[in-house]
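**Q** Would you mind keeping the following structure in view while I ask a few things?
2 protein chains.
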Amino acid sequence: MGRVVVDVMPKPEILDPQGKAVASALPKLGFEGIASVRQGKRFELEVEGEVTEERLAEVRRAAETLLSNPVIEDFTVRVEA
Amino acid sequence: MGRVVVDVMPKPEILDPQGKAVASALPKLGFEGIASVRQGKRFELEVEGEVTEERLAEVRRAAETLLSNPVIEDFTVRVEA
Numbered sequence: 001m002g003r004v005v006v007d008v009m010p011k012p013e014i015l016d017p018q019g020k021a022v023a024s025a026l027p028k029l030g031f032e033g034i035a036s037v038r039q040g041k042r043f044e045l046e047v048e049g050e051v052t053e054e055r056l057a058e059v060r061r062a063a064e065t066l067l068s069n070p071v072i073e074d075f076t077v078r079v080e081a
Numbered sequence: 001m002g003r004v005v006v007d008v009m010p011k012p013e014i015l016d017p018q019g020k021a022v023a024s025a026l027p028k029l030g031f032e033g034i035a036s037v038r039q040g041k042r043f044e045l046e047v048e049g050e051v052t053e054e055r056l057a058e059v060r061r062a063a064e065t066l067l068s069n070p071v072i073e074d075f076t077v078r079v080e081a
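Order-wise, the sequence lines are chains A and P.
Under this note's numbering, the first residue of the first sequence is numbered 1, with each subsequent residue one higher.
Under this note's numbering, the first residue of the second sequence is numbered 1, with each subsequent residue one higher.
Here it is, written out as structure tokens:
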């Protein structure tokens, strides 16, 4: 079993209301020095058997079609030790 | 400016309906070989100035109080290059 992590983040040019809400809440709670926050999603996928290049390509297709909305989000796929 | 990433994931013993929904959708869309999926949140924080140990400790406190629910979620904090 291998673990593949897919990170999905709003594209830089897209407004991110969740991140903005967190960023404006931080100073009110006494946390200083954080200039901005972006919020996205993290998926941990347990893959059956070895994480082959073929399997990774399949995860990339899943990330593109099911896990992210490519119009407003970017994703990265990586194998986690 | 430094970037700190906070990953927030449901604790292993906690049910994860979002992850379960993704896991059951994958085979229906033709993606095979993925045994399980967990879904969590990823926060990217832009920190003013250097990422010092003090700043990281503050981010950890923010992760514990604002970004995660420690009853049902675990978080990790790391500096991103």
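Virtual Cβ for every residue (Gly too), placed ideally from N, Cα, C.
For Ala35 (chain P), which of helix, strand or coil comes out of DSSP?
**A** Residue state, collapsed to three classes: strand.
**Q** Curious, which full-length alpha helix (DSSP H) runs of at least 4 residues does the region 44-76 of chain P contain?
**A** Correct list: 53-62.
**Q** Give a yes or no on whether the minimum CB-CB distance between Arg60 (chain A) and chain P is below 8 angstroms.
**A** It does not: the Cβ of Arg60 (chain A) has no partner Cβ on chain P nearer than 8 angstroms.
**Q** By Cβ distance below 8 angstroms, which residues in the same chain neighbour Glu64 (chain A) in space, the five residues on each side in sequence not counted?
**A** Only Pro70 and Phe75 meet the Cβ criterion.
**Q** Would a C-beta distance cut-off of 8 angstroms place Val59 (chain A) and Val6 (chain A) closer than the cut-off?
**A** Yes.
**Q** Give the single residue among P:Val37, P:Val77 and P:Gly49 whose Cα lies nearest to the Cα of Val22 (chain P).
**A** Ranking P:Val37, P:Val77 and P:Gly49 by Cα distance to Val22 (chain P) puts P:Val37 first.
**Q** Using a Cβ-Cβ cut-off of 8 angstroms, state whether Thr76 (chain A) counts as contacting chain P.
**A** It does not; no Cβ of chain P falls within 8 angstroms.
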